[in-house]
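Numbering follows numbering that gives the first Met the number 0, with no gaps: position 52 of the sequence shown is 51.
Glycine residues also receive a C-beta, built at the ideal position from the N, C-alpha and C atoms.
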Amino acid sequence: MVFNTGAALLDAIVLAVVSRDQEGTYGYKITQDVRRAIEVSESTLYPVLRRLQKDGCLEVYDRQFDGRNRRYYKVTDKGLVQLGLYRKEWETYSRMINTLFEGGVSV
């Protein structure tokens, strides 16, 4: 994709992916799900996960899987509120861009 993905959009995408499972999901699966929408490396996503955890939007826990620990991420109430704000902003932003692409004037 030719468009850059900023930090806020990455945060929004990660929160959206993680929020789909109430029990949370693990890092590799998050990476694979995000890659269905945008090209991004694991080395880009793990700092996003840490930042969201530090900001209180994600909680982290470990679970045994095939004899080893797997780190899971789960959206907090604060994260759900933030995701709601991102969704509203995205609706406005994408509507304005689509209007411009379709030849109209911005609202």
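| Based on Cα-Cα distance, which residue from 25, 64, 65 lies nearest to residue 48? | 25
| query | In this structure, what does DSSP give as the bridge partners for residue 34? | reply | Per DSSP, none; premise fails for residue 34.
| Looking only at DSSP bridge pairs, what is residue 69 linked to? | Answer is 62.
| said: Whole angstroms are fine: how far does the CA of residue 92 sit from the CA of residue 74? | reply: 24 Å
| field | Residue environment, residue 84, which counts as buried when at least 16 other CB atoms sit within 10 Å | value | exposed
| task | Out of 22, 55, 13, 2, point me to the one whose CA is closest to residue 31's CA. | result | 13
| Taking the continuous alpha helix (DSSP H) assigned at residue 83, which residues delimit it? | 76–100 is the span of the alpha helix (DSSP H), which, as asked, contains residue 83.
| said: Using the Cβ count rule (16 or more neighbours within 10 Å means buried), how would you classify residue 57? | reply: Buried, by the Cβ-count rule.
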